[in-house]
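Contents: one structure, followed by commentary.
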Amino acid sequence: MENQRSGVGWWRFAPPAVAAAQPQKRRSRPLIRSAGIRFALIYAVVFGISAFLLAFSLWYSTVGLLQRQVEISIRNDSIALNEHFTTGGLPSLIAAIHDRMTDALDADGIYLLLDPLGNRIIGNLDQWPVGLTETSTWYQLPVKRHGVNSVALLRASTLPGGDQLLVGRDVRARAELRNVLRDGLIWALGLMFALGIIGAILIRSLFRRMIRDISTTTRAIARGDLTRRIPKTGDGDEFDELAEIINDMLERIARLMDGVRQVSNAIAHDLRTPITRARTRLEDASLHAHSLDDLQSAIERATQDLDGIVGVFEALLRIAEIEAGSRRAAFCKTDLAPMLHDIDELYRAVAEERGLTLHTQIAPELPLLGDRELIQQAVANLLDNALKFTAPGTTIDFRARLEEMVIEITIADRGPGISPEDRNRATERFFRAETARNTAGSGLGLALVAAVAQLHHGTLHLADNHPGLRAMISLPLRGEALGPKPQPPAKG
Amino acid sequence: MRILVVEDDKDVAGFVVKGLREAGHTVEHADNGRDGLFLAASENFDAIILDRMLPGGIDGLRLLETLRAQDNATPVVFLSALGQVDDRVKGLKAGGDDYLTKPFAFAELLARVEALTRRGKSDGPTTRLVVGDLEMDLLSRSVRRGTQRIDLQPREFRLLEYLMRHAGQVVTRTMLLEGVWDYHFDPQTNVIDVHVSRLRQKIDKPFDLPLLHTVRNAGYMLKAEEV
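Chains A and D, in that order, give the protein sequences.
Counting the first sequence from 1 gives a position; my numbering is that position plus 243.
Counting the second sequence from 1 gives a position; my numbering is that position plus 65.
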């Protein structure tokens, strides 16, 4: 609950567009819109209500108990006196009342016996209390006792002879106790309110300090400084968790931005060259061609150049599509082994044509949840590379095996390889090692392989084959692919 | 053949129409979806070349869906700038028979359109294919040329079968990759050329008259006469 709320609070804080467009408005945000104040107030109100309920029930049960005890003693007293009257008549009753009045045991006892005419027979009240009109009903009335004002709980009854008996208890002390309790509660409530406000201010400043890092960082990022990260407090609390999530997100954004930058640089540099070539050819032909054949061959070659450029575009778009991860939706269970055998068959002829030996070892079953077509293309790219760079008379190793829940597809050649310092950059778009500059190719092949591996939560690992390049695609099985029956690959 | 071209770009449409006419086809052209649908529904065509993004309120997909809903089974080739895998799948799902992404080579488009119309005609099950003196028995999976029996690897057999089914037509490398190997991308290596030349070694080398011809800038063609 609190987490969720703090999330909401952060979001309100964060939208950079709003922050940039209306800085004044944000600064003068009314107090009630501060999430910190809201939490503090909610806390104070909940705390206050529960404290009040607790105190009130305490007060109510204490006062109620006292009241009930007084009522019980009055009732018992009244019954006892009535019995005295029934057994011994009026004299017995008078004696009993007298005893009770002189007995110091209950100093709060109030008695008054009037004859049918209203004259006082015995009792410690000066007169019949004003307002007491009905018998067998509880009254709490002010009385005058030995000339002293007081408050009493009273109950009157009419005796068979017409005499009226009033029994009661002085409750002034108890009423005072009740007032003290009530006052105490009111004070406590006020104090609680004050504490709530102080708490609100404290919590608010605490809260602001905690999200200040987040808001300053995100604001800096919104302004374009993508290197900023939210510092972690190291407490491992919810804010640390949030900081970590946001940092991960920023990391991903930075990577994507980097990719975009790479691609735009690549387009600026690497596509300019073939476009220039095509343009030059056409212009040259239009200016200097002497025959129709010249013209036609120039146009043909320029068309080929343009096809090459289109190919580069398509490869770039494909890599972007793969990196976006949307193709995961189309993953299905498939056995890679037959597909790899097909590729082997397709390339074996080419290898033989070039005087190379393709040494192939493919495990009988390689079940995977993935995109068969993309893996096909990735493997084909690696074989294309191996064929392109390997000298005749050597061997290319093509292996695929399932080891510890990971499918490893290895293609190792005996070509020039990639130098260790270039290996990390080899999967970047348009990267071409110095040794490969003069061969045909766009420099996108390995980038696509890496993207395909990444899409399947796997890796592309490039290593030295002493000599040559050993490229390994590792595709982890993720449980779901191990179902009993892999579906046959879809045709078409 | 009678072909309908529904394409709004004037240059592309002009180029395609001209090329198809030069190849000996009768061509109608519509430059928006509404006219295209009207023509396609009211007249008989052997094939339709259909752009996906069209003006006139009806795009290529809608047009094709409407057409298929009327039980019109005219073969349709999509010719679209939308080239992602999803786009392709959508086009084929809507009832398209083939999907070609712009920019395209005219030879590729022509080869695919002609291949489609041929496919439409021979719906019944064929058990025997013949080109010149080359015979293929699909049941016993055997190939003979004249009196001589030719041994082929399974893949070579499928390659030859594809070529024979499209005998007399240009077959591009991409079509072979898709039709024989089920590949939907272009390898950088000339894999197809190598396989075709191996096949040629077996079916043409020992004989006087070559059947398997290379068509420059386009692909291959299996044909009994000279190209």
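No residue lacks a Cβ here, since even glycine has one placed at the ideal position from N, Cα and C.
Bear in mind the structure is a predicted one, so any value in this text is a computation, not a measurement.
Sub-7 Å separation of residue i and residue j beta-carbons
{"i": "A736 of chain A", "j": "E608 of chain A", "result": "This structure gives no information on residue 736 of chain A, because the portion of chain A shown stretches from 244 to 735."}
{"i": "L712 of chain A", "j": "D656 of chain A", "result": "yes"}
{"i": "V245 of chain D", "j": "L224 of chain D", "result": "yes"}
{"i": "T639 of chain A", "j": "L599 of chain A", "result": "This sequence places Ile at residue 639 of chain A; Thr is not what is there. In contact: I639 of chain A and L599 of chain A (Cβ atoms closer than 7 Å)."}
{"i": "V280 of chain D", "j": "V235 of chain D", "result": "yes"}
{"i": "V394 of chain A", "j": "A418 of chain A", "result": "yes"}
{"i": "A714 of chain A", "j": "L625 of chain A", "result": "yes"}
{"i": "T237 of chain D", "j": "G284 of chain D", "result": "yes"}
{"i": "L368 of chain A", "j": "V386 of chain A", "result": "yes"}
{"i": "L18 of chain D", "j": "D73 of chain D", "result": "Here chain D comprises residues numbered 66 to 292, so residue 18 of chain D is not present and cannot be evaluated."}
{"i": "I340 of chain A", "j": "I365 of chain A", "result": "yes"}
{"i": "A95 of chain D", "j": "L104 of chain D", "result": "yes"}
{"i": "A669 of chain A", "j": "L698 of chain A", "result": "no"}
{"i": "R672 of chain A", "j": "A509 of chain A", "result": "yes"}
{"i": "F556 of chain A", "j": "D614 of chain A", "result": "no"}
Cβ of residue i within 7 Å of any chain A Cβ
{"i": "P168 of chain D", "result": "yes"}
{"i": "Q266 of chain D", "result": "no"}
{"i": "F250 of chain D", "result": "yes"}
{"i": "V256 of chain D", "result": "yes"}
{"i": "Q253 of chain D", "result": "yes"}
For residue i, three-class secondary structure by DSSP
{"i": "N392 of chain A", "result": "strand"}
{"i": "M435 of chain A", "result": "helix"}
{"i": "E651 of chain A", "result": "strand"}
{"i": "Y285 of chain D", "result": "strand"}
{"i": "W381 of chain A", "result": "strand"}
{"i": "I440 of chain A", "result": "helix"}
{"i": "E72 of chain D", "result": "coil"}
{"i": "V414 of chain A", "result": "coil"}
{"i": "E173 of chain D", "result": "helix"}
{"i": "L296 of chain A", "result": "helix"}
{"i": "F103 of chain D", "result": "helix"}
{"i": "K268 of chain A", "result": "In this prediction, K268 of chain A has a pLDDT of 42, which is less than 50 and means its spatial position is unreliable; what the coordinates show is noted afterwards. Helix, per DSSP."}
{"i": "L725 of chain A", "result": "At L725 of chain A the pLDDT is 49, less than 50, meaning the model places this residue with poor confidence and gives no usable figure here."}
{"i": "G185 of chain D", "result": "Its pLDDT being 47, under 50, G185 of chain D is placed unreliably by the model, and nothing is read from it."}
{"i": "P719 of chain A", "result": "strand"}
{"i": "L119 of chain D", "result": "coil"}
{"i": "S400 of chain A", "result": "strand"}
{"i": "I114 of chain D", "result": "strand"}
{"i": "V81 of chain D", "result": "helix"}
{"i": "L242 of chain D", "result": "helix"}
{"i": "L128 of chain D", "result": "helix"}
{"i": "R466 of chain A", "result": "coil"}
Within-7 Å CB hit, residue i to chain D
{"i": "Q620 of chain A", "result": "yes"}
{"i": "P266 of chain A", "result": "Bear in mind that a pLDDT of 43 at P266 of chain A, under 50, signals an unreliable position, so the number given afterwards is only what the model happens to contain. P266 of chain A does not count as touching chain D."}
{"i": "D478 of chain A", "result": "no"}
{"i": "L609 of chain A", "result": "no"}
{"i": "E596 of chain A", "result": "yes"}
{"i": "L559 of chain A", "result": "no"}
{"i": "E616 of chain A", "result": "yes"}
{"i": "L612 of chain A", "result": "no"}
{"i": "L530 of chain A", "result": "no"}
{"i": "A623 of chain A", "result": "yes"}
{"i": "M715 of chain A", "result": "no"}
{"i": "E566 of chain A", "result": "no"}
{"i": "V506 of chain A", "result": "no"}
{"i": "V553 of chain A", "result": "yes"}
Identified DSSP bridge partners for residue i
{"i": "L357 of chain A", "result": "A:R363, A:Q407"}
{"i": "K576 of chain A", "result": "A:L612"}
{"i": "V386 of chain A", "result": "A:S393"}
{"i": "H602 of chain A", "result": "A:D640"}
{"i": "D163 of chain D", "result": "D:V142"}
{"i": "V92 of chain D", "result": "D:I68"}
{"i": "S207 of chain D", "result": "D:D202"}
{"i": "T279 of chain D", "result": "D:Y285"}
{"i": "H704 of chain A", "result": "A:M715"}
{"i": "I215 of chain D", "result": "D:V208"}
{"i": "E314 of chain A", "result": "None, per the DSSP bridge assignment."}
* What residues in the region 131 to 164 of chain D have a beta carbon less than 9 Å from any beta carbon of chain A? -> G148, Q149, V150, D151, V154, L157
- Message: For the region 687 to 698 of chain A, list every residue whose C-beta sits within 9 Å of some C-beta in chain D, in sequence order.
- Response: Against chain D - using a Cβ distance shorter than 9 Å - the residues of the region 687 to 698 of chain A are G688.
Practice prompt. Taking only beta carbons into account, state which residues of the region 215 to 244 of chain D come closer than 8 Å to chain C, listed in chain order.
Written response: Judged by its chain identifiers, the structure shown contains no chain C, and its protein chains are A and D.
Exercise for the section: Could you run through the region 626 to 656 of chain A and flag, in chain order, every residue whose CB is less than 9 Å away from some CB of chain D? Expected result: L626, D627, N628, L630, K631
**Message:** To be precise: take each residue of the region 259 to 284 of chain D, compare its Cβ to all Cβ atoms of chain A, and keep it if any distance is under 9 Å. Which residues remain?
**Reply:** V259, H260, S262, R263, N282
**Asked** Mind listing which residues of the region 570 to 601 of chain A have their C-beta closer than 8 Å to chain D's C-betas, in chain order?
**Response** So the list reads R570, A573, D585, E588, L589, Y590, A592, V593, E596, given in the order they occur along the chain.
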